[in-house]
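Peer 1: Dropping the structure in here first, questions after.
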């Protein structure tokens, strides 16, 4: 389903077609859940954010003026809900990158396999942890770019920021991620080989 | 190319969002700037690592519930469903129950009336008050004043019984206390006598031992004096 079909779908929903909304949920459910999961690395939070996103979408889709921008609109809703959740939880779900690096001094205390035995699952957990260390705005950009595969222009549209700001956040986000992983002694071939 | 511009172009190149001409130009810059090339390599390796995270993220079933009402939105239909249906069903059930009740009461000719003795609920025709020729039985009943007199008398008797019972209990307690005190006094008196006897015996024993030791000492001194005298006489 391309953007044009999606725009038609949105118009159908705006005209009160409930089946169209069902199709929309079916199409976006996985994406929004993945985004929220990457943001929090927590299934319960991801479910909560996904549910709230679709409720908000249902409540406000009638007022969406440009159906072509639905993609940016729904990601924006999800991202704002994630940030709201962080504020509500008193930022307990997010750890300062600097503070973590200072106090951890690596992953010696944690259960990590040697580089050569690094399994995909463990690698996934480490990457998720590393992403959680990042400032929220850098994490959002990395998720949208790396895992959702959006263009800079689309991310800029979602975040309502200039494209250069998005690129800058991604640049520093990648640098910070590398710094965290290096600090955790992840000397994997992935980091050493370009 | 300033730092911000370099970052921006680096990101465009890294994520393949450059036109062919711009790409060729940037690659030329990279060839002449080993520092920038190294930075690009670092970024690329970090990207590679991020892409290695192929964690399977499976969303569960989604149930949408509007937070401001009981209405829920089912994923499959997207329409308000459970809450509204429940409310409508409840209203219909209550209405049906009321209608059924009235129908049954109507059928059974329910009558509710107020009498001198209270509320009278009957099904069918209410029975007529019984007309009898029996003498008025109220004379056999006691009057209100008599009832109060009886109650007063009963209360007075109860008070007397209670007072007597309390007095007896108090006396019993007092007697028990006296018995206990007497027992304790006897016990301590006996203990005191026993202790005195023991002390007396101990003193007598000590006196006897002292006497014997005194005698022994005296005997020893006499033996010494005798021995000294013998020695002096030999000298």
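Protein chains in written order, with our numbering: chain A, 253 to 446; chain B, 1460 to 1694.
Where a beta carbon is used, it is the ideal one built from N, C-alpha and C, also for glycine.
1. Using the beta-carbon of each residue, which ones in chain B are nearer than 9 Å to residue 406(A)?
2. For the region 285 to 304 of chain A, which residues have a CB atom closer than 7 Å to at least one CB atom of chain B, in sequence order?
3. Decide yes or no for the touch test of the region 330 to 345 of chain A against the region 299 to 308 of chain A: beta carbon pairs closer than 8 Å, at least 3 of them.
4. With 16 other CB atoms within 10 Å as the buried threshold, where does residue 1480(B) fall?
5. Quick check on DSSP: helix, strand or coil for residue 316(A)?
6. What does a CB cutoff of less than 7 Å around residue 337(A) pick up in its chain, not counting 5 residues either side in sequence?
7. Is residue 394(A) closer than 8 Å to residue 313(A) when the C-beta atoms are compared?
8. Among 277(A), 339(A), 429(A), 292(A), which residue has its Cα nearest to the Cα of residue 323(A)?
9. Quick one: grab the DSSP three-state call for residue 1580(B).
10. Can you have a look at residue 390(A) and say buried or exposed, based on whether 16 or more other CB atoms are within 10 angstroms of its CB?
11. Using a cut-off of 7 Å between C-beta atoms, extract the partners of residue 340(A) located in chain B.
12. If we ignore side chains and look at the alpha-carbon of each, how far apart do residue 1694(B) and residue 1687(B) end up?
13. Measuring straight from C-alpha to C-alpha, what distance separates residue 386(A) and residue 428(A)?
14. How about residue 1506(B): is its C-beta nearer than 8 Å to some C-beta of chain A?
15. Please tell me whether residue 1514(B) has its Cβ less than 8 Å away from any Cβ of chain A.
16. Look at the Cβ atom of residue 400(A), then the Cβ atom of residue 283(A), and state whether they are nearer than 8 Å.
17. In or out: residue 1512(B) buried (at least 16 other Cβ within 10 Å) or exposed?
18. How long is the line joining the alpha carbons of residue 1637(B) and residue 1645(B), rounded to whole angstroms?
19. Along the region 1482 to 1493 of chain B, where does the CB come closer than 8 Å to a CB of chain A? Name the residues.
20. Can you tell which of 436(A), 406(A), 291(A), 392(A) has its C-alpha closest to the C-alpha of residue 423(A)?
21. So that I know if they touch, is there some Cβ in chain A lying closer than 8 Å to that of residue 1477(B)?
22. Does the distance from the C-beta atom of residue 398(A) to that of residue 1509(B) stay below 8 Å?
23. Please check if any C-beta of chain A sits within less than 8 Å of the C-beta of residue 1501(B).
24. From what residue to what residue does the alpha helix (DSSP H) around residue 1670(B) run?
25. In whole angstroms, give me the CA-to-CA distance for residue 1627(B) and residue 1634(B).
26. State buried or exposed for residue 1489(B), treating a residue as buried only when at least 16 other CB atoms are found within 10 Å of its CB.
27. Could one say the Cβ of residue 1572(B) lies closer than 8 Å to chain A's Cβ atoms, at least one of them?
28. Taking just the CA atoms, how far does residue 339(A) sit from residue 292(A)?
29. What residues match up with residue 1572(B) in a beta bridge as DSSP calls it?
30. Which value, in whole angstroms, describes the spacing of the CA atoms of residue 407(A) and residue 1503(B)?
31. Quick check on residue 1472(B) - is its C-beta less than 8 Å from some C-beta in chain A?
32. Whose Cβ in chain A lies nearer than 9 Å to the Cβ of residue 1521(B)?
33. Measure the C-alpha to C-alpha separation of residue 1703(B) and residue 270(A) and round it to an integer number of angstroms.
34. So which residues of chain A does residue 1469(B) contact, with C-beta pairs closer than 8 Å?
35. According to DSSP, is residue 387(A) part of a helix, a strand, or is it coil?
Peer 2: This is what the structure gives:
1. Within chain B, no C-beta atom comes less than 9 Å from the C-beta of residue 406(A); the nearest is roughly 11 Å away.
2. Flagged, chain order: 285, 286, 289, 299, 302, 303.
3. Using a Cβ-Cβ distance cut-off of 8 Å, the region 330 to 345 of chain A and the region 299 to 308 of chain A are in contact, since at least three pairs of beta carbons, one from each stretch, lie closer than that value.
4. With a threshold of 16 other beta carbon atoms within 10 Å, residue 1480(B) falls short and is exposed.
5. If DSSP states are grouped into helix, strand and coil, residue 316(A) belongs with coil.
6. In chain order, 297, 301 place their CB closer than 7 Å to the CB of residue 337(A), counting only its own chain and leaving out the 5 sequence neighbours on each side.
7. No. Outside cutoff.
8. Among 277(A), 339(A), 429(A), 292(A), the Cα nearest to that of residue 323(A) is on 277(A).
9. Reduced to three states, the DSSP call for residue 1580(B) is strand.
10. So residue 390(A) ends up on the buried side.
11. Identification of chain B residues near residue 340(A) by a Cβ-Cβ cut-off of 7 Å yields none; the smallest Cβ-Cβ distance measures about 14 Å.
12. About 11 Å.
13. For residue 386(A) and residue 428(A), the distance between alpha carbons rounds to 7 Å.
14. When Cβ-Cβ separations below 8 Å define contact, residue 1506(B) makes contact with chain A.
15. Yes, residue 1514(B) lies at the interface with chain A (some Cβ there is under 8 Å from its Cβ).
16. In contact: residue 400(A) and residue 283(A) (Cβ atoms closer than 8 Å).
17. Under this definition residue 1512(B) is a buried residue.
18. If I take the Cα positions, the gap works out to 12 Å.
19. Of all residues in the region 1482 to 1493 of chain B, none has a Cβ within less than 8 Å of some Cβ in chain A.
20. Among 436(A), 406(A), 291(A), 392(A), the Cα nearest to that of residue 423(A) is on 392(A).
21. No, because no Cβ of chain A sits closer than 8 Å to the Cβ of residue 1477(B).
22. Going by C-beta atoms, residue 398(A) is nearer than 8 Å to residue 1509(B).
23. At a cut-off of 8 Å between C-beta atoms, residue 1501(B) counts as an interface residue with respect to chain A.
24. Start and end: 1603 to 1693.
25. Approximately 10 Å between the Cα atoms of the pair.
26. Buried is the call here.
27. The beta carbon of residue 1572(B) sits no closer than 8 Å to any beta carbon of chain A.
28. Going by the C-alpha atoms only, they are around 13 Å apart.
29. Residue 1572(B) pairs with 1579(B).
30. Spanning the two alpha carbons is a distance of roughly 20 Å.
31. Contact of residue 1472(B) with chain A is not assigned, every C-beta pair being separated by 8 Å or more.
32. Going along chain A in sequence order, the residues near residue 1521(B) (Cβ under 9 Å) are 277, 281, 285, 299, 302, 303, 306.
33. Given that chain B is displayed from residue 1460 to residue 1694, the structure contains no residue 1703(B) and the question cannot be resolved.
34. Neighbours of residue 1469(B) on chain A, chain order: 423.
35. Three-state DSSP puts residue 387(A) in coil, outside helix and strand.
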